[in-house]
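To keep things clear, I will list the structure first and then write my remarks on it.
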Amino acid sequence: MRDAELTRQKILEISADEIHKKGFIATSLSCILVRCEVSKGALYHHFKNKMELGYAVFEEIYTPMFLELWQPSVEVDDPIEGLCDFFTAMYKESSCDEIVCGCPLNNLCQEMSAVDEGFRLRILNMQQQLNQLIAINLQRVASQLRDDIDFSQVAYFIVSTFHGSSSLSKSSKNKDLFEKVIKELCSYIKNLRKH
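Residue numbers 1 to 195, in my numbering, belong to the letters of the sequence shown in order.
Written out as structure tokens, the structure is:
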């Protein structure tokens, strides 16, 4: 990788961390420059402005990270167990600080969807990709599941509940609340099976 590519990647990674911790609007380009140890010119060589940087962080860091995080849980032989194992690991392995920072995708959705159409469309696209990933893998085991399931609707419900639990835990600073909601979500997911 060339120096310019390494610099760009470093800017993206540090920006992703800053945006996750502080939100997009509160993230300071000055702070990013200090942490990256690059000049303002180096930053503007790669990104015209903060918005372009934010879009790149979302498309190149958050979206692949988020899809890669969910993918193994639904592509296993049993996506019902895979999802429940994934969610259980999330509450068991996440620190209270990680829960308080919230999900980067959910944070940006709440902060930017209403104020910037570019972010809204990128977030919607990512949510549709995630929904499709879950729905396709549930359809793959449809013979084991109840007959009355709308796979796309169920996938949106699963993701929405997960994001809701993340938001609730973030605002309450209560990891136990996150655990309770996740356990209930797993109960719902397991009840998708034929009895």
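Note that CB positions come from ideal geometry on N, CA and C, so glycine has one too.
Being a predicted model, the structure only gives us computed values, none of them experimental.
**Prompt:** Is it right to say Val34 is buried, meaning 16 or more other beta carbons lie within 10 angstroms of its own, or is it exposed?
**Reply:** Counting from one through the sequence shown, the residue named residue 34 turns up at place 34. By the 10 Å Cβ count, Val34 comes out exposed.
**Asked** From Ser187 to Ser165, what does the alpha carbon distance come to, in whole angstroms?
**Response** Here residue 187 is taken as the residue at index 187 of the sequence shown, counted from 1. Here residue 165 is taken as the residue at index 165 of the sequence shown, counted from 1. One C-alpha to the other measures close to 15 Å.
**Item:** Alpha-carbon spacing of Met126 relative to Leu105, whole angstroms
**Value:** Taking the first residue of the sequence shown as position 1, residue 126 is located at position 126. Taking the first residue of the sequence shown as position 1, residue 105 is located at position 105. Cα to Cα, Met126 sits roughly 9 Å from Leu105.
**Prompt:** The alpha helix (DSSP H) spanning Gln144 covers which residue range?
**Reply:** As a first step, residue 144 is located in the sequence shown; it is residue number 144 there, counting from the start. Here Gln144 belongs to no alpha helix (DSSP H), and DSSP marks it neither H nor E.
**Item:** Contacting residues, own chain, Cβ-Cβ under 7 Å from Ala135 (five flanking each side not counted)
**Value:** Here residue 135 corresponds to residue number 135 of the sequence shown, with the count starting at 1. Cβ within range, chain order: Phe151, Ser152 and Ala155.
**Asked** According to the Cβ coordinates, are Asp78 and Val141 closer than 9 Å?
**Response** Residue 78 sits at position 78 when you count from the first residue of the sequence shown. Residue 141 sits at position 141 when you count from the first residue of the sequence shown. Going by C-beta atoms, Asp78 is nearer than 9 Å to Val141.
**Message:** Quick check: the Cα distance between Thr161 and Ser113, rounded to an integer number of angstroms?
**Reply:** For the purposes of this step, residue 161 is identified with residue 161 of the sequence shown, where counting begins at 1. For the purposes of this step, residue 113 is identified with residue 113 of the sequence shown, where counting begins at 1. The alpha-carbon atoms of Thr161 and Ser113 are separated by roughly 19 Å.
**Prompt:** Cα separation between Lys190 and Gln144?
**Reply:** Position 190 of the sequence shown, counted from the first residue, corresponds to residue 190. Position 144 of the sequence shown, counted from the first residue, corresponds to residue 144. Whole-angstrom Cα-Cα distance: 11 Å.
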